[in-house]
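Numbering (the numbering used here), first residue to last: 249 to 403.
We treat Cβ as the ideally placed atom computed from N, Cα and C, and that holds for glycine.
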C-alpha cells in the first residue's frame, strides 16, 4: 500500500465529514473525473499503479457509495472523454459541473485526495486542479489551501 493511501486511511473519518454533501454520488463521480484528469496531467495516460491507487482512494473516501466496478467503468469513461474532447476542456467542464452543484470545495477536495493517492501532486497536476477550481468559481488561494491540506506542494 502506498504511503498516500495509508495516510488517507488514517485521516479518512475526518475527511469524510467534509465530503458528506448533498448529491454525494454525483459529486463523487465528477470529482473522480477531476482526480483522473490530474493524474494523467504528466504523461496523458493512467498506468496500472495509478489506476489502482485511484480506485483505492475512491473506495476509502466514498465509504462504499462508489463501488470498485463503478470506479473502473467511470475511469474508462473519463479516458474516452479526455481523448475525445481534450483534457483541458474536460477540466473546465468538470469545474463547471461542481459549480452547478454548489460543491466546488468538497468536489475539489475529493479530487485532490484522489490525485495525491496516485503518487503525489506535481506542478502539472496542480495546474489541472487549479483549472478545475477556477472553473468551479474558487479563488486561487482557496484551491491552494485545498492542495496544501492534502499534502501537495503549493507554489
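Beta-carbon separation of residue i and residue j under 8 angstroms?
{"i": "residue 369", "j": "residue 386", "result": "no"}
{"i": "residue 355", "j": "residue 384", "result": "yes"}
{"i": "residue 349", "j": "residue 398", "result": "no"}
{"i": "residue 391", "j": "residue 286", "result": "no"}
{"i": "residue 316", "j": "residue 328", "result": "no"}
{"i": "residue 334", "j": "residue 381", "result": "no"}
{"i": "residue 378", "j": "residue 388", "result": "yes"}
{"i": "residue 253", "j": "residue 305", "result": "yes"}
{"i": "residue 366", "j": "residue 301", "result": "yes"}
Pick out whichever of the options has its Cα sitting closest to the Cα of residue i.
{"i": "residue 322", "options": "311, 280, 339, 290", "result": "280"}
{"i": "residue 374", "options": "284, 255, 269, 253", "result": "284"}
{"i": "residue 393", "options": "365, 277, 360", "result": "360"}
{"i": "residue 324", "options": "277, 345, 308", "result": "277"}
{"i": "residue 270", "options": "291, 352, 261", "result": "352"}
{"i": "residue 262", "options": "357, 293, 320", "result": "357"}
{"i": "residue 294", "options": "337, 330, 265", "result": "330"}
{"i": "residue 326", "options": "258, 292, 266, 268", "result": "292"}
{"i": "residue 311", "options": "268, 363, 364, 255", "result": "268"}
Can you look up residue i in the DSSP assignment and give me helix, strand or coil?
{"i": "residue 324", "result": "helix"}
{"i": "residue 289", "result": "coil"}
{"i": "residue 249", "result": "Its pLDDT being 49, under 50, residue 249 is placed unreliably in this model, and the value from its coordinates should be taken loosely. DSSP places residue 249 in coil when its eight states are reduced to three."}
{"i": "residue 355", "result": "helix"}
{"i": "residue 319", "result": "helix"}
{"i": "residue 396", "result": "helix"}
{"i": "residue 269", "result": "coil"}
{"i": "residue 403", "result": "Bear in mind that a pLDDT of 47 at residue 403, under 50, signals an unreliable position, so the number given afterwards is only what the model happens to contain. DSSP places residue 403 in coil when its eight states are reduced to three."}
{"i": "residue 329", "result": "helix"}
{"i": "residue 377", "result": "helix"}
{"i": "residue 279", "result": "helix"}
{"i": "residue 383", "result": "helix"}
Go to residue i, then tell me how far its alpha helix (DSSP H) extends in each direction, as first and last residue.
{"i": "residue 366", "result": "Run containing residue 366: none; DSSP gives neither H nor E here."}
{"i": "residue 345", "result": "335-348"}
{"i": "residue 304", "result": "296-310"}
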